[in-house]
Amino acid sequence: MPDPDFVRVAALADVPEGTVRSVKIRIQEFALFNVKGTIVATRGTCPHQRSSLAAGQVCGDEVTCARHGWRFRITTGEPLPPSGTYAKLDRYEVVVEAGEIWIAPERVIP
Ligand code: FES
Numbered sequence: 308m309p310d311p312d313f314v315r316v317a318a319l320a321d322v323p324e325g326t327v328r329s330v331k332i333r334i335q336e337f338a339l340f341n342v343k344g345t346i347v348a349t350r351g352t353c354p355h356q357r358s359s360l361a362a363g364q365v366c367g368d369e370v371t372c373a374r375h376g377w378r379f380r381i382t383t384g385e386p387l388p389p390s391g392t393y394a395k396l397d398r399y400e401v402v403v404e405a406g407e408i409w410i411a412p413e414r415v416i417p
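Here our numbering runs 307 ahead of the position in the sequence shown, where the first position is 1.
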């Protein structure tokens, strides 16, 4: 089991490669992406107008928000055109252990 900062949020089997799933810890929404077998956790809502990123379209290492089409690189959080340049996606530390996904909701990756 990871250290106490981590919270179990899903089974690895719940996030197949190339998909995104929304999870909540208390009232905070996170998005879990499976990018070629690597689990990435980001904030769950779009920095533009807070649509759920789980409703977006995933293509490789990119997600496109379903609402207005802003795009982000999942593994770095960087915005891609036409997103606003200020709109980086926060990413969070993740541990995958024994088929379970854990997030540290207070540990934003710089
Ligand atoms: S809410 Fe995501 S692009 Fe507008």
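The C-beta atom is built at its ideal place from N, Cα and C for all residues, glycine as well.
Query                                                                                      : Result
First and last residue of the uninterrupted beta strand (DSSP E) at V314                   : 314–318
Residues whose Cβ lies closer than 7 Å to any heavy atom of the ligand FES, in chain order : C353, H355, Q356, R357, S358, C372, R374, H375, G376, W377
Residue(s) in a DSSP beta bridge with Y399                                                 : A348, V415
Residue from R414, E404, P412, A411 with nearest C-alpha to A318                           : E404
Where A405 falls: helix, strand or coil (DSSP)                                             : coil
Collapsed DSSP secondary structure at A338 in the structure displayed                      : strand
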